[in-house]
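Reminder that position 67 of the sequence shown reads as 67 in this note's numbering, one-by-one numbering, no gaps.
All residues carry an ideal CB built from backbone N, CA and C; glycine is no exception.
Please read all numbers here as calculations on a predicted model, not as lab measurements.
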Amino acid sequence: MSAPARRARAGAVGTLIAVAVLAAPPPRAAEADQPPPLPHAAGTCVGPSPVTARETPWALRRLAPQASWPLTRGAGVVVAVVDTGVSAAAPALAGSVRAGADVTGGRADSDCAGRGTALAGIVAARPTGDAGPTGLAPDAEILPVRVTDANRRISPARLAAGIRLATAAGADVILVATGVTTDSGELARAVQAAADRDALVVAAVNDQGRGDGADPPVGYPAGYPTVLAVNAVGVDGVPGPVGADAGVDLAAPGVGLGIAPRGSGHYTVGGAAVAAAYVAGVAALVRSYHPGLSQAEVRARLERTALPAPGGGREGAGGAGVLDAYAAVASLDPRQAGPPVPVAAGPVAVPVHPGPSRAVRVAGLTLLGALVVTVLVAAAALSRRGARGPRPAQRPPAGPG
């Protein structure tokens with residue numbers, strides 16, 4: 001889709017949206033053990049969750065990040081979470097959260113709303129003594145950038161400032177979980193500046209309708225062509241509804257478990273923001289394992305290795321398909337001719353290793369040559385032995401009587 005087409009639908013000036021993290025129960029959890037939905041009412045801070053998840057959520061069972069961990073766990077990659085801040089007090093993020101920045105000044109390593117922390121946990125939660133899901137890239141570093149005001153609202157100017165802060169801080173991946181329906185030149189320039197600095201911007205599409213049954217309006221920055229726009233898929237694999245001009249590039253699971261800002265409990269979360277967090281986590285794995293790839297090449301790898309989404313199509317609600325974590329990390333370089341190595345039946349827990357070195361190949365050929373010579377010598381000896389004729393068998397001794 002061309003840049004003009006993706007910018008064609010802009011909301012009225014001042015009309016804002018926040019891509020909400022919606023409640024969705026994790027599959028196979030007993031009713032009494034289900035973590036509660038993440039509260040998002042303005043004016044109240046999210047506290048610890050009374051429930052600690054004991055089962056691996058569906059999204060992690062599908063993405064199976066542990067198959068990629070023998071290759072990489074995301075070390076050396078900085079993922080900026082442009083949202084409500086990220087709590088450094090969350091046990092699963094201990095030691096991985098930078099001070100970050102608030103667009104109005106100050107730090108962003110606290111999170112009253114809880115949403116940024118939940119998304120950061122999807123990206124990089126580390127194993128703890130308690131049960132619960134681990135992030136896709138547990139060795140990655142989180143850079144929190146707060147762009148919401150006291151009422152948890154955003155604006156194009158705040159988003160633009162937040163993306164610029166993340167870019168200036170050296171983020172390798174910039175996760176934008178919130179958006180606006182107003183196409184802003186300032187926001188577009190901030191996104192372009194991030195791409196020029198080799199930061200991959202991953203943003204959730206606007207999946208929030210107006211309540212009248214109409215398609216959701218286009219959300220920004222996801223609507224810009226330099227941004228990897230992500231839609232959610234449910235357990236059935238079907239992408240969520242979006243506007244015709246949303247310009248979806250990729251889909252990912254939109255159901256998950258989020259860590260709380262304090263304590264070891266979990267909340268249920270869902271929506272395109274959650275899907276974008278899963279994509280950002282896999283992007284961190286790719287950038288760690290393939291440090292020589294540019295942000296555009298990382299994006300191409302994520303799209304080329306995606307699995308087909310039902311009813312997707314390149315211009316549909318599923319974009320290039322559904323995220324495949326292992327294939328994105330371990331498949332052939334998308335710049336090479338031919339399609340990438342498919343992983344259609346789920347991730348294969350066998351790393352893709354480079355071919356043998358020249359020294360190893362020479363040694364192998366030498367050994368093979370010696371073996372051939374040995375076989376030829378043995379064959380010649382047997383031939384000479386056969387030329388002398390067969391040796392007579394010994395006469396058996398005479399029997400008694």
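Just the Cα atoms here: how many angstroms apart are residue i and residue j?
i: E141; j: R299; result: 20 angstroms
i: D245; j: P239; result: 15 angstroms
i: V373; j: S331; result: Because V373 sits at a pLDDT of 46, beneath the cut-off of 50, its placement in the model cannot be relied upon, and the following sentence gives the value as read from the coordinates. Looking at the two C-alpha atoms, the distance is approximately 40 angstroms.
i: A275; j: V233; result: 8 angstroms
i: A222; j: L159; result: 12 angstroms
i: A92; j: T128; result: 6 angstroms
i: I413; j: P261; result: With the chain represented from 1 up to 401, any question about residue 413 goes unanswered, as that position is not in the structure.
i: A157; j: V147; result: 9 angstroms
i: G85; j: P70; result: 31 angstroms
i: P133; j: A118; result: 12 angstroms
i: L250; j: S49; result: 31 angstroms
i: G106; j: V97; result: 15 angstroms
i: P354; j: G76; result: Caution is warranted here: a pLDDT of 39 is assigned to P354, below 50, making its placement in the model unreliable, and the coordinate value is therefore given only provisionally. P354 and G76: Cα-Cα distance of roughly 22 angstroms.
i: P347; j: R62; result: Note that P347 has pLDDT 36, beneath the 50 cutoff, so the model's placement of it is unreliable and the number below is only indicative. Whole-angstrom Cα-Cα distance: 9 angstroms.
i: C45; j: V103; result: 20 angstroms
i: L200; j: Q295; result: 5 angstroms
i: V81; j: P241; result: 24 angstroms
i: A349; j: R197; result: Unreliable positioning characterises A349 in this predicted model, as indicated by a pLDDT of 33, which lies under 50. A coordinate reading is not provided.
i: A229; j: G95; result: 30 angstroms
i: A194; j: R164; result: 7 angstroms
i: R287; j: V78; result: 10 angstroms
i: R189; j: A327; result: 32 angstroms
i: E186; j: G243; result: 23 angstroms
i: G247; j: L175; result: 17 angstroms
i: Y224; j: E297; result: 17 angstroms
i: R54; j: G263; result: 15 angstroms
i: D452; j: G114; result: Outside the displayed span of the chain (1 to 401) sits residue 452, for which this structure offers no information.
i: A320; j: A252; result: 11 angstroms
i: A168; j: V227; result: 18 angstroms
i: A309; j: V202; result: 19 angstroms
i: T305; j: A120; result: 24 angstroms
i: L285; j: P291; result: 10 angstroms
i: S184; j: V329; result: 34 angstroms
i: A214; j: A204; result: 19 angstroms
i: T182; j: V145; result: 21 angstroms
i: Q34; j: G316; result: 33 angstroms
Return the residue from the list the options that minimises the CA-CA distance to residue i.
i: V218; options: A229, L228, N206, T226; result: N206
i: G318; options: S288, D236, S264, D139; result: D236
i: P57; options: A283, G258, Y224, L293; result: G258
i: L136; options: S87, A67, E297, R98; result: A67
i: A90; options: A252, G47, L228; result: G47
i: T268; options: C45, A59, T182; result: A59
i: V180; options: A194, R197, D172, R152; result: R152
i: A272; options: Q208, D83, Q192; result: Q208
i: R126; options: V78, Y289, P39, R73; result: R73
i: L293; options: V173, N231, V145; result: V173
i: Q192; options: Y220, R304, G263; result: Y220
i: P36; options: G256, A150, V227, C112; result: G256
i: P216; options: T226, V227, V202, N231; result: N231
i: A124; options: S87, V227, A320; result: S87
i: D111; options: T182, L38, A168; result: L38
Could you pull the start and end residues of the beta strand (DSSP E) that residue i belongs to?
i: D83; result: 78–83
i: E141; result: 141–146
i: L200; result: 200–204
i: A232; result: 228–233
Between which two residues does the alpha helix (DSSP H) holding residue i run?
i: R158; result: 156–168
i: V329; result: 325–330
i: A190; result: 185–196
i: L71; result: First-last for L71: undefined, no H or E at that position.
i: L175; result: Per DSSP, L175 belongs to no alpha helix (DSSP H); it is in the beta strand (DSSP E), 173–176.
i: L60; result: 58–63
Would you please state the rounded distance, in angstroms, between the beta carbons of residue i and residue j? I believe it to be under 8 angstroms.
i: G281; j: I122; result: 6 angstroms
i: A283; j: L307; result: With a Cβ gap of about 17 angstroms, A283 and L307 do not count as contacting.
i: G265; j: T52; result: 5 angstroms
i: L323; j: Y278; result: 6 angstroms
i: D83; j: A177; result: 5 angstroms
i: D109; j: G100; result: 5 angstroms
i: L143; j: A161; result: Contact flag wrong, Cβ pair sits at about 14 angstroms.
i: A325; j: P65; result: 5 angstroms
Report yes if the C-beta of residue i is less than 8 angstroms from at least one heavy atom of the ligand MG; otherwise report no.
i: P253; result: This structure lacks the ligand MG; in fact it carries no ligand of any kind.
ask   = Which parts of the stretch 238–305 are runs of the alpha helix (DSSP H), unbroken and 4 residues or longer, counting only runs that do not cross its ends?
value = Correct list: 272–289, 295–304.
request  = Would you mind listing the alpha helix (DSSP H) stretches within the stretch 83–133 that are 4+ residues and don't spill past its ends, in chain order?
outcome  = Scanning the stretch 83–133 from its first residue to its last, the whole alpha helix (DSSP H) runs of 4-plus residues come out as 115–124.
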